[in-house]
Amino acid sequence: AQSVTQPDIHITVSEGASLELRCNYSYGATPYLFWYVQSPGQGLQLLLKYFSGDTLVQGIKGFEAEFKRSQSSFNLRKPSVHWSDAAEYFCAVGGMNNQGGKLIFGQGTELSVKP
Amino acid sequence: DAGVIQSPRHEVTEMGQEVTLRCKPISGHDYLFWYRQTMMRGLELLIYFNNNVPIDDSGMPEDRFSAKMPNASFSTLKIQPSEPRDSAVYFCASREGPLGNQPQHFGDGTRLSIL
Chain A
567 AQSVTQPDIH
577 ITVSEGASLE
587 LRCNYSYGAT
597 PYLFWYVQSP
607 GQGLQLLLKY
617 FSGDTLVQGI
627 KGFEAEFKRS
637 QSSFNLRKPS
647 VHWSDAAEYF
657 CAVGGMNNQG
667 GKLIFGQGTE
677 LSVKP
Chain B
29 DAGVIQSPRH
39 EVTEMGQEVT
49 LRCKPISGHD
59 YLFWYRQTMM
69 RGLELLIYFN
79 NNVPIDDSGM
89 PEDRFSAKMP
99 NASFSTLKIQ
109 PSEPRDSAVY
119 FCASREGPLG
129 NQPQHFGDGT
139 RLSIL
């Protein structure tokens, strides 16, 4: 079955500290992977995506993610968190064998940032 | 560039009333998706269209829900009659092209409250 697991429902980090949000997926073919961020009252904004090639992908707002096929993971990282990064983060997987390229979303990780 | 536009942003209505949510996709995008977001179930795909044709409506919860896309620039999601358990945030997203490696672009959502 196709699924995405974000093990951490809520994470709190101090401003300036590093961040890693975990994402594990189960997918029967080559996955296309995405991270989205949702600020309160807003829609989902694409942070970054992985299709192929270099397994370390750079996104907006200083975020990066690394695709590890052996671990079925696509963890999101940021070296120094800013207070404005407080939001909910969603990992998603899709692919060519997924009719129409539907995305399967994880349950989300809510990030709080301490001053 | 204009993004995905949803209206209304907020809707409060009484149980039993008809509710119509509207979406204008990004110009040139030929895929349109409707999602529902709740605390309990996260982000659920309700239905998606390709070139105005519904492709997969397996996520539509029951016959009270219906969606149409009369042209490439407009879609509606209708609930009739509405029930309190329909209270959620409803998102519309659009995508260019059939490949799963194209990102979906989300609107800001409609927050629906059924009293």
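Protein sequences appear in the order of chains A and B.
Residue numbering for the first sequence follows our numbering, starting at 567 and increasing by one per position.
Residue numbering for the second sequence follows our numbering, starting at 29 and increasing by one per position.
Here a beta-carbon is modelled for each residue, glycine too, at the ideal position from N, C-alpha and C.
* To do: For residue 118 of chain B, return the contacting residues in chain A, with the cut-off set at a CB-CB distance below 7 angstroms.
  => Stepping through the second sequence from its first residue, residue 118 of chain B is reached at position 90. Correct list: empty, because the minimum Cβ distance to chain A is about 11 angstroms.
* DSSP puts residue 79 of chain B in a beta bridge; with which residues? -> In the second sequence, residue 79 of chain B corresponds to position 51, counting from 1. Residue 79 of chain B pairs with nothing; no bridge assigned.
* Asked: Within the 8 angstroms Cβ cut-off, does residue 608 of chain A reach chain B?
  -> Along the first sequence, one-based indexing puts residue 608 of chain A at 42. Yes, because at least one Cβ of chain B sits closer than 8 angstroms to the Cβ of residue 608 of chain A.
* Measuring CA to CA, which of A:644, A:585 and A:609 is closest to residue 624 of chain A? -> The count along the first sequence starts at 1 and reaches residue 624 of chain A at position 58. Ranking A:644, A:585 and A:609 by Cα distance to residue 624 of chain A puts A:644 first.
* Would you say residue 140 of chain B reaches chain A, if we count a Cβ-Cβ gap shorter than 8 angstroms as a contact? -> Sequence index remark: in the second sequence, residue 140 of chain B carries index 112 (1-based). Not one chain A Cβ lies under 8 angstroms of residue 140 of chain B.
* To do: Look up residue 601 of chain A in the DSSP assignment and give the residues it is bridged to.
  => Taking the first sequence and counting its residues from 1, one reaches residue 601 of chain A at position 35. Answer is A:614 and A:657, bridged to residue 601 of chain A.
* Exposure of residue 631 of chain A, with buried meaning 16 or more beta-carbon neighbours within 10 Å -> Against the first sequence, residue 631 of chain A aligns to sequence position 65. Buried, since its Cβ has 16 or more Cβ neighbours within 10 Å.
* Asked: Quick one: Cα of residue 142 of chain B to Cα of residue 124 of chain B, how far?
  -> What you label residue 142 of chain B is simply residue 114 of the second sequence in a count that begins at 1. What you label residue 124 of chain B is simply residue 96 of the second sequence in a count that begins at 1. Straight-line Cα distance between these residues: approximately 33 angstroms.
* To do: Tell me, to the nearest whole angstrom, how far the beta carbon of residue 78 of chain B is from that of residue 59 of chain B; I am working on the premise that it is less than 8 angstroms.
  => Residue numbering aside, residue 78 of chain B sits at position 50 when the second sequence is read from its first letter. Residue numbering aside, residue 59 of chain B sits at position 31 when the second sequence is read from its first letter. Their Cβ separation, rounded to whole angstroms, is 5 angstroms, which keeps residue 78 of chain B and residue 59 of chain B in contact under 8 angstroms.
* For residue 673 of chain A, which residues in chain B fall below 8 angstroms Cβ to Cβ? -> As a position in the first sequence, residue 673 of chain A is number 107, starting the count at 1. Residues of chain B passing the Cβ test: 70.
* Endpoints, the beta strand (DSSP E) within which residue 593 of chain A is located -> Here the question's residue 593 of chain A lines up with position 27 in the first sequence. Run containing residue 593 of chain A: none; DSSP gives neither H nor E here.
* **residue 615 of chain A versus A:603, A:608 and A:607, residue with shortest Cα-Cα distance** => Here residue 615 of chain A refers to the residue found at position 49 of the first sequence. Taking only the C-alpha atoms, the option nearest residue 615 of chain A is A:603.
* To do: Closer than 7 angstroms by C-beta to residue 179 of chain B: which residues in its own chain qualify, once you throw out the five before and the five after it? Chain order, please.
  => Residue 179 of chain B is absent from the model: chain B starts at 29 and stops at 143.
* Asked: Got a sec? Which residues, its chain only, sit under 7 angstroms from residue 97 of chain B by beta carbon, not counting five neighbours each side?
  -> Counting from one through the second sequence, the residue named residue 97 of chain B turns up at place 69. Excluding sequence neighbours, residue 97 of chain B sits near 60, 77, 80 and 103.
* Asked: Along the chain, where does the beta strand (DSSP E) that runs through residue 630 of chain A open and close?
  -> Counted from its first residue, the first sequence places residue 630 of chain A at position 64. Element bounds for residue 630 of chain A: 630-634.
* Give the secondary structure of residue 98 of chain B by DSSP, where H, G and I count as helix, E and B as strand, and everything else as coil. => Against the second sequence, residue 98 of chain B aligns to sequence position 70. DSSP places residue 98 of chain B in strand when its eight states are reduced to three.
* To do: Please name the residue in B:54, B:114 and B:113 whose C-alpha comes closest to that of residue 131 of chain B.
  => For this step, residue 131 of chain B is matched to residue 103 along the second sequence. It is B:54 whose Cα lies nearest to the Cα of residue 131 of chain B.
* For residue 72 of chain B, which residues from the same chain have a beta carbon less than 7 angstroms from its beta carbon, with the 5 sequence-adjacent residues on both sides left out? -> For the purposes of this step, residue 72 of chain B is taken as the residue at position 44 of the second sequence. Correct list, in chain order: 63, 64 and 87.
* **Per-residue burial, residue 40 of chain B [other beta carbons within 10 Å of its own, 16 or more giving buried]** => By 1-based counting over the second sequence, the position of residue 40 of chain B is 12. Per the 10 Å Cβ criterion, exposed.
* Residues that DSSP places opposite residue 587 of chain A in a beta bridge -> Your numbering for residue 587 of chain A matches position 21 in the first sequence. Bridge partners of residue 587 of chain A: A:642.
* Quick one, which of A:599, A:592 and A:653 has its alpha-carbon nearest residue 585 of chain A's? -> Here the question's residue 585 of chain A lines up with position 19 in the first sequence. Out of A:599, A:592 and A:653, A:653 has the C-alpha closest to the C-alpha of residue 585 of chain A.
* Using the C-alpha atoms, what's the distance from residue 647 of chain A back to residue 591 of chain A? -> Walking along the first sequence from the start, residue 591 of chain A turns up at place 25. Walking along the first sequence from the start, residue 647 of chain A turns up at place 81. Using only the alpha carbons, I get a separation of about 25 angstroms.
* Asked: How many angstroms separate the CA atom of residue 660 of chain A from the CA atom of residue 82 of chain B?
  -> Translated into positions along the first sequence, residue 660 of chain A becomes position 94. Translated into positions along the second sequence, residue 82 of chain B becomes position 54. Approximately 19 angstroms between the Cα atoms of the pair.
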